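K.L.:
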Amino acid sequence: MAKVPSCDVIEPELNIAGPALEAAKYYIEHEELRKMFAKLIAASMNKGHIEVAHPSFVEVIKQLSPLDARTLHFLSNNRNSIGCGSIVLNVLDGQGGHVPIVHNFFPLPGLNKDNYLSYSASIDNLVRLGLIYIDINRSFNNNLFYRSLEEHQLVRDLRVMYSSQPSGAATRVEVRKSAWEITQFGQNFCSCCL
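If you count by my numbering, then the sequence shown holds residues 1105 to 1298, one letter each, in order.
(1) At the level of alpha carbons, what is the spacing between Arg-1280 and Gly-1152?
(2) Between the C-alpha atoms of Glu-1135 and Leu-1230, what's the straight-line distance to the nearest angstrom?
(3) Where do the N-terminal and C-terminal ends of the beta strand (DSSP E) with Arg-1280 fall, by residue?
(4) Where does Lys-1306 land, buried or exposed, given buried means 16+ other C-beta within 10 angstroms?
(5) Just to check my reading of the structure: Leu-1196 and Arg-1138 have Cβ atoms closer than 8 Å, yes? What is that Cβ distance to the nearest angstrom?
(6) Looking only at its own chain, which residues have a Cβ that is under 7 Å from the Cβ of His-1202, when we skip the five neighbours before and after it?
(7) Locate the beta strand (DSSP E) running through His-1202, then write down its first and last residues.
(8) Considering just the uninterrupted stretch of the alpha helix (DSSP H) at Gly-1122, what are its terminal residues?
(9) Within its chain, find whatever has a CB closer than 8 Å to the CB of Glu-1115; leave out the 5 residues flanking it on each side and keep chain order.
(10) Give me the Cα-Cα distance between Asn-1247 and Pro-1211, rounded to the nearest whole angstrom.
(11) Just to confirm the assignment, what range does the beta strand (DSSP E) spanning Leu-1193 have?
(12) Bridge partners for Tyr-1237 per DSSP, in chain order?
(13) Could you pull out every residue in the same chain whose Cβ sits closer than 6 Å to the Cβ of Phe-1289, ignoring the five residues on either side in sequence?
(14) What are the uninterrupted segments assigned as alpha helix (DSSP H) that are 4 or more residues long and contained completely in the stretch 1146-1180, given in chain order?
(15) Check whether the stretch 1213-1224 and the stretch 1159-1178 are in contact - that is, three or more C-beta pairs closer than 8 Å.
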């Protein structure tokens, strides 16, 4: 609020500030979520943000884990530079079969072979909340968006792991490209809460 000109400071929207203050007291141990509540309250007092601040944002924050908050922050900061995809195990038997390994794969910091299921669930939650949209039938034209996926340590680790597995058929780990975006609801949420 210190950066907001005093002429743009208004009385907070009670349908936002009241529930946000009430909910924030249960998130003392989660700094990422506490900050989101504080920023939402500040947005409800800023004439420049009042059109995008929405009462449902309180409930959205309540449904986020700290990992979800960090993931959304990363996606918001990298929205025009990274792609997403799925990591699949292709069976090279001439019939084109594949087995999904990781859905909704983004080059997230800290993602590795021990925690990829938690990160995948985090992305699922952001989709469920309507903050991001993933289209598996489209991909970005700029292949540079996918370089960080192809070069990610998780993909390298899975390639090593599956290349050393004895199996009846030859296999190859690949990244299937997808496109994604932050929805308008998600953009409004990010502008108020991140």
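Glycine included, C-beta positions come from ideal geometry on N, C-alpha and C. Computed from a predicted structure; not experimentally measured.
P.N.:
On the basis of the data shown:
(1) Arg-1280 and Gly-1152: Cα-Cα distance of roughly 40 Å.
(2) 19 Å
(3) 1275-1286
(4) Residue coverage of the chain in this structure runs from 1105 to 1298, which leaves residue 1306 outside it and unanswerable.
(5) Not confirmed; about 50 Å, so no contact.
(6) Cβ within range, chain order: Val-1192, Leu-1193, Asn-1194 and Val-1195.
(7) 1202-1209
(8) 1118-1128
(9) Short of 8 Å from the beta carbon of Glu-1115, and not among the five residues preceding or following it, lie these beta carbons of its own chain, in chain order: Met-1149.
(10) 14 Å
(11) 1188-1195
(12) Glu-1285
(13) Gly-1234
(14) 1160-1166
(15) yes
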